Amino acid sequence: MAAADVARQMTEGARNLSLSGHVGFDSMPDQLVNKSVCQGFCFNILCVGETGLGKSTLMDTLFNTRFEGDPAAHNQPGVHIKSNSYELQESSVCLKLSIINSVGFGDQINKEESYKSIVEFIDTQFEAYLQEELKIKRTLHNYHDSRIHVCLYFIAPTGHSLKSLDLVTMKKLDSKVNIIPIIAKADSISKNELQKFKIKIMSELVSNGVQIYQFPTDDETVAEINGTMNAHLPFAVVGSTEEIKIGNKMMKARQYPWGTVQVENENHCDFVKLREMLIRVNMEDLREQTHARHYELYRRCKLEEMGFKDTDPDNKPFSLQETYEAKRNEFLGELQKKEEEMRQMFVMRVKEKESELKEAEKELHDKFDRLKKLHQDEKKKLEDKKKSLDDEINAFKQRKTAAELLQSQAQQSGSQQTLKREKERKNNPWLCTE
Ligand code: GTP
Ligand code: MG
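Numbering-wise (the numbering used here), the sequence shown opens with residue 1394 and increments by one.
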């Protein structure tokens, strides 16, 4: 029987029994609380909003402390993410709080890319968690969870409508993080205008399909307050760490020449509503939603991208082992196909090279034959020339011998005549010589 069937049978077939005495498992919730308190909690808030909208002041006001941090420069070439972590304690509960700021958001002339680094940051935290989950040796119980639990989106108090930057950014973020939109510096907008502005913002969010975080109404202990608060969104907040004496009480407020805005006065702004909803009532739900909804979506998409699925093409359950085997076979098949392709390519290349070499060899032979013939012709021409030269030399030699013979004959006849004349002169001394 499959493990899933066994589990189903165990839950479906369970009988209700009554206890005849106290056993002690009613302390489970206390055990859970004690364990959680020991472990401490972590909560990560992402503040997105244009520079100088009062993000840092609101964080200081919300947590009744002063987080260090300098105002951001307005001349950033792009948006970058800055994360600061703090350890806070209230009664016996420790909270590891991280405040993440989108520094330089909305400062660039071209704001098209503004959301990218924020989305990347959120995904990187999901990826880190997924990698930890996929490890053989996991340490999830003391893993420092850096996933973003809530995004406070600061809207400029223009009184008109949302800017396209706000809509685009919220749309890109809404499937990755719980967004709570807030109207910043709400003391700079009149009461009437504020109501209209809130309605306008909500209708724009709806018409653009932006999903903001809804305070949950499924838990009856908080259903009423959460339901009421959902109708107040977006919260119009004022931040201040300055304490002013009002009556005989010190109160957080902003003082102006014309009067005082009390941060914690619900007639002045929605700061208390935000603090209640964000920290006192729904902090755990925000953590849960991050894990169960946003991380789950990221994880599903990532695993599907990697080729994992829960069912096969016939919609039958498909285990991780089967997926692994199928992927392995698919990979091996692809590898074999690639190998065969490469082998064929190699054979083809060898054939090509072989025919190229044969062609070159043939060309060389032809060239050799041509040169050989040329050489033979040249040799023959030279031999003919030599022969004719030899003939000329022989003819010359013959002519020379004949000439020499003639010359010697002429000399002989000349000397015989001289001797004859000598004889005649001796015989006749009166004969004069010429
Ligand atoms: P960067 O970190 O530089 O982007 O600014 P920020 O959004 O953190 O704003 P910050 O909290 O530094 O506040 C900027 C200025 O706005 C300061 O002078 C604050 O005193 C003022 N400020 C903050 N909150 C409010 C508010 O609710 N109303 C009004 N009128 N001014 C506020
Ligand atoms: Mg700041």
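The beta carbon of each residue, even a glycine, is placed where N, CA and C say it ideally should be. None of the values given here were measured: they were computed from a predicted structure.
{"Item": "Opposing strand residues paired with histidine 1473 [DSSP bridges]", "Value": "Val1496"}
{"Item": "Residues that DSSP places opposite cysteine 1440 in a beta bridge", "Value": "Asn1494 and Leu1545"}
{"Item": "Assumed close pair serine 1507, valine 1472 - CB separation to whole angstroms, cut-off 8 Å", "Value": "5 Å"}
{"Item": "Beta-carbon contacts of glycine 1700 that lie in its chain and below 6 Å, excluding the five residues immediately before and after", "Value": "Lys1720"}
{"Item": "Alpha-carbon spacing of proline 1710 relative to threonine 1716, whole angstroms", "Value": "10 Å"}
{"Item": "Per-residue DSSP class, three states only, for glutamate 1827", "Value": "In this prediction, glutamate 1827 scores a pLDDT of 46, lower than 50, which makes its location untrustworthy; the coordinate-derived value is nonetheless stated afterwards. DSSP places glutamate 1827 in coil when its eight states are reduced to three."}
{"Item": "Near the ligand MG: asparagine 1494 beta-carbon under 7 Å from a heavy atom", "Value": "yes"}
{"Item": "Start and end residues, alpha helix (DSSP H) containing threonine 1614", "Value": "1613-1623"}
{"Item": "Bridge partners - alanine 1829, DSSP secondary structure assignment", "Value": "Not covered by the structure: residue 1829. The range shown for the chain is 1394 to 1827."}
{"Item": "DSSP three-state assignment for cysteine 1694, whether helix, strand or coil", "Value": "helix"}
{"Item": "6 Å CB neighbourhood of leucine 1587 in its chain, flanking five on each side removed", "Value": "Ala1629"}
{"Item": "Near the ligand MG: lysine 1564 beta-carbon under 7 Å from a heavy atom", "Value": "no"}
{"Item": "Nearest-angstrom beta carbon gap, isoleucine 1548 and isoleucine 1594 [assumed within contact, 8 Å]", "Value": "7 Å"}
{"Item": "Other residues of its chain near glutamate 1827: CB distance less than 7 Å, five sequence neighbours each side excluded", "Value": "In this predicted model, glutamate 1827 has a pLDDT of only 46, less than 50, meaning its place in the structure is not dependable; the value taken from the coordinates is given anyway. No residues qualify anywhere along the chain."}
{"Item": "Selection from Phe1664, Lys1489 and Asp1703 that minimises the alpha carbon distance to serine 1476", "Value": "Lys1489"}
{"Item": "Nearest neighbour of valine 1615, chosen from Ile1493, Asn1675 and Phe1789 [CA to CA]", "Value": "Asn1675"}
{"Item": "Beta bridge counterpart(s) of serine 1648 as assigned by DSSP", "Value": "It should be noted that the sequence gives glutamine, not serine, for residue 1648. The partner list for glutamine 1648 (beta bridge, DSSP) reads Thr1653."}
{"Item": "Segment limits, alpha helix (DSSP H) that includes isoleucine 1511", "Value": "1509-1527"}
{"Item": "Alpha helix (DSSP H) segment containing lysine 1638, residue limits", "Value": "Element bounds for lysine 1638: not the alpha helix (DSSP H) but the beta strand (DSSP E), 1636-1639."}
{"Item": "Expected contact under 8 Å - CB spacing of phenylalanine 1498 and tyrosine 1479 to nearest Å", "Value": "Actually they do not touch by this definition, with Cβ atoms about 22 Å apart."}
{"Item": "Simplified DSSP state of lysine 1709, which is helix, strand or coil", "Value": "coil"}
{"Item": "Selection from Asp1538, Ile1515, Phe1514 and Gly1445 that minimises the alpha carbon distance to glutamate 1525", "Value": "Asp1538"}
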